[in-house]
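Undergrad: Per my numbering, numbering through the sequence shown is continuous, rising by one, with the last residue being 255. Just so you know, even glycine gets a beta-carbon here, dropped at the ideal spot from N, CA and C. The structure's right below; bear with me while I get my questions together.
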Amino acid sequence: MNNRSLKDLLYEQVARVGKALASPKRLEILEMLAQGEKAVETVAGEVAIDVKLASAHLKALKEARLVQVRRDGKRMIYRLSGTDVAQLGVTLRQVAEEHLVELRLALQQMMAEPDRLAQVGRKELLAQAKRGEVVVLDVRPSEEFDTAHLPYARSLPLSELAHRLAELPRDVEIVAYCRGPFCLMSDEAVKLLRERGYRARKTFDGVSEWRAAGLPVSRR
Numbered sequence: 036m037n038n039r040s041l042k043d044l045l046y047e048q049v050a051r052v053g054k055a056l057a058s059p060k061r062l063e064i065l066e067m068l069a070q071g072e073k074a075v076e077t078v079a080g081e082v083a084i085d086v087k088l089a090s091a092h093l094k095a096l097k098e099a100r101l102v103q104v105r106r107d108g109k110r111m112i113y114r115l116s117g118t119d120v121a122q123l124g125v126t127l128r129q130v131a132e133e134h135l136v137e138l139r140l141a142l143q144q145m146m147a148e149p150d151r152l153a154q155v156g157r158k159e160l161l162a163q164a165k166r167g168e169v170v171v172l173d174v175r176p177s178e179e180f181d182t183a184h185l186p187y188a189r190s191l192p193l194s195e196l197a198h199r200l201a202e203l204p205r206d207v208e209i210v211a212y213c214r215g216p217f218c219l220m221s222d223e224a225v226k227l228l229r230e231r232g233y234r235a236r237k238t239f240d241g242v243s244e245w246r247a248a249g250l251p252v253s254r255r
């Protein structure tokens, strides 16, 4: 094999990953799987597509070695091939945010009320949570919390929040988070908490962003 053919082959292999990522739904699926392994039916429901299409997207990601699969009875369970895949998703989003004004404008719409966004950095938030000065609230499903969560976080899934408000202190600020910047569960949580008289904000960070920044995460 001559040098030109070898170089073409090398870039072709790297391009396999790029091709697998060239789909909004596949990017969303990777974000889902960064929270923990999921059955194909769960993936389909979360990203609002049918099971057949979800399977096709997962097959493309598997062919690029970005996800792995195992069988549990009749169910197919998918997971990321490694934490580096989750970090790749964070890096791709950060590059897009840096260079695409359209993405920045869309994110600004999510921050229409800046006072809803936690103003402290990651390490300070960690220190405040350790001292009990804030409650870091994980509003993802409980199985995602069990897989990995921010240190000192408390699990209270959004679907249960309205019925379990009495478990939260009223004299401490609450900082909610979910699956990262594009996740809206934390926005819904903050809205509900504020309507009920709690001091609440959100952070754009999720577990993937925390890991990408080199900070520790906890497990159940």
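#1: When you compare each of G215, D181, R246 and P216 to G71 by their alpha carbons, which one comes out closest?
#2: Over what stretch of residues does the alpha helix (DSSP H) that includes I64 continue unbroken?
#3: Based on Cα-Cα distance, which residue from L101, L41, N37 and A74 lies nearest to K54?
#4: Report the residue from M36, S253, L227 and I64 whose alpha carbon sits nearest the alpha carbon of L161.
#5: Can we say the stretch 72-79 touches the stretch 126-139, given the rule of at least three CB pairs closer than 8 Å?
#6: Note down the Cα distance separating G156 from S58, rounded to an integer number of angstroms.
#7: Could you check which residue in A197, A183, V174 and A201 has the C-alpha nearest to that of S190?
#8: Helix, strand or coil: how does DSSP classify D222 here?
#9: In terms of DSSP beta bridges, what is I209 paired with?
#10: Looking at C-alpha atoms only, which residue of A69, I112 and E98 is the closest neighbour of V86?
#11: Quick check: the Cα distance between T118 and G232, rounded to an integer number of angstroms?
TA: To lay it out plainly:
#1: Comparing Cα-Cα distances from G71 to each of G215, D181, R246 and P216, the minimum goes to D181.
#2: Its alpha helix (DSSP H) spans residues P59 to L68.
#3: Taking only the C-alpha atoms, the option nearest K54 is L101.
#4: The candidate whose alpha carbon is nearest that of L161 is S253.
#5: With the cut-off at 8 Å, the stretch 72-79 and the stretch 126-139 do not touch.
#6: Approximately 32 Å between the Cα atoms of the pair.
#7: The residue with the shortest Cα to Cα distance from S190 is V174.
#8: Three-state DSSP puts D222 in a helix.
#9: Answer is V170 and A235.
#10: With distances taken between CA atoms, V86 lies nearest to I112 out of A69, I112 and E98.
#11: Spanning the two alpha carbons is a distance of roughly 38 Å.
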